[in-house]
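Peer 1: First the structure, which I've put down as structure tokens, then a few questions once you've had a look.
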Amino acid sequence: MPSPVSAGVRRALPIVLGYVPVGFAFGVLAVKSQIPPALAVAMSVLLFAGSGQFVLAGLWGAGVGALSVIVAVFVVNLRHLLMSAALAEYLAPLKRWQRFLFGCELTDETFGVHIGAFQKGWQLAASTLYACNVTAHASWVGGTALGVFCGELVTDVRPLGLDYALTAMFLALLVPQCASRLHVAVALLAGVLSLGFKLAGMGQWNVVLATVLAACAGVWLLRRQRGGRRGEAEA
1 MPSPVSAGVR RALPIVLGYV PVGFAFGVLA VKSQIPPALA VAMSVLLFAG SGQFVLAGLW
61 GAGVGALSVI VAVFVVNLRH LLMSAALAEY LAPLKRWQRF LFGCELTDET FGVHIGAFQK
121 GWQLAASTLY ACNVTAHASW VGGTALGVFC GELVTDVRPL GLDYALTAMF LALLVPQCAS
181 RLHVAVALLA GVLSLGFKLA GMGQWNVVLA TVLAACAGVW LLRRQRGGRR GEAEA
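Residue numbers for the sequence shown follow full-length UniProt numbering, so the first one is 1 and each next one is one higher.
Next comes the structure, spelled out in structure tokens:
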């Protein structure tokens, strides 16, 4: 039987396959945006915000002020409130400081693998959670360092397909979680709403608003289904 640490590392392997190329793309972008190499790597170590780092690099390169950068990254990362709330029930047995350390390395991808494992009935093990998070974080930092080092050699990451790596990773994490028609319906609704809000001119809030509305619709449909089953049982 694998140890909790090795189980966490294996849980992170799909994330590693996506984080290395995406971290590489961020490293290249950081160099092109005149961010000092050491600072770019430090951002991946301390900030570890994924899309937030890309936003930061783009705004840095455009010469935007510090306050605007902070607000933009904060808005982009607001989705972490929803992910934290979804995991709170499963992480309740952990001590407060353990939950704090876990939250410091929570990303969309680690959320996806953890919530999927909990929904399948996996037992809560802090060492497994931390091993997964640290492995994913290390791959992101490694990809960033490689991108910073090779930044002067790569003029555009799009021909390499690296700009699609993050999207592909999200899809790979989403599909296994769609275990029922309701899950599929909520995922499709969130995608349609997000796209609609984006086309309507909404900024980074489109993802947060679409997620909240789709989740609310999913809860309403779930309660309606349960109410219908209760009525059939009573009849």
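The beta-carbon is built from N, C-alpha and C at its ideal position, and this holds for glycine as well.
Suppose you measure from the CA of glutamine 53 to the CA of proline 93; what does that come to, to the nearest Å?
Peer 2: If I take the Cα positions, the gap works out to 32 Å.
Peer 1: If distances are taken between C-alpha atoms only, which option among Ile115, Phe197 and Arg181 comes closest to glutamine 225?
Peer 2: The residue with the shortest Cα to Cα distance from glutamine 225 is Arg181.
Peer 1: Spatial neighbours of alanine 49 within its chain, please: C-beta separation below 7 Å, excluding the five flanking residues on both sides.
Peer 2: Taken in chain order, the residues that qualify are Val73 and Asn77.
Peer 1: For proline 14, which three-state DSSP category applies?
Peer 2: DSSP places proline 14 in helix when its eight states are reduced to three.
Peer 1: Kindly indicate which residue of Val55, Cys132 and Thr144 has the alpha-carbon position closest to the one of glutamate 109.
Peer 2: Looking at the Cα atoms, Cys132 is the closest of the given residues.
Peer 1: How many angstroms separate the CA atom of glycine 61 from the CA atom of alanine 38?
Peer 2: Each residue's Cα considered, the two are about 16 Å apart.
Peer 1: Return helix, strand or coil for serine 194, following the three-state DSSP convention.
Peer 2: Serine 194 falls in the helix class under three-state DSSP.
Peer 1: Helix, strand or coil: which one does DSSP assign to valine 41?
Peer 2: Helix, per DSSP.
Peer 1: Buried or exposed, going by whether 16 or more other CB atoms sit within 10 Å of the CB of arginine 223?
Peer 2: Exposed, by the Cβ-count rule.
Peer 1: Among the candidates Val148, Leu195, Gly201 and Ala214, whose CA atom is the shortest distance from the CA of lysine 32?
Peer 2: For the residues Val148, Leu195, Gly201 and Ala214, the minimum Cα distance to lysine 32 belongs to Val148.
Peer 1: Looking only at C-alpha atoms, which of Thr107, Arg99 and Phe26 sits nearest to alanine 125?
Peer 2: The residue with the shortest Cα to Cα distance from alanine 125 is Arg99.
Peer 1: Classify tryptophan 140 as helix, strand or coil using the three-state DSSP reduction.
Peer 2: DSSP places tryptophan 140 in helix when its eight states are reduced to three.
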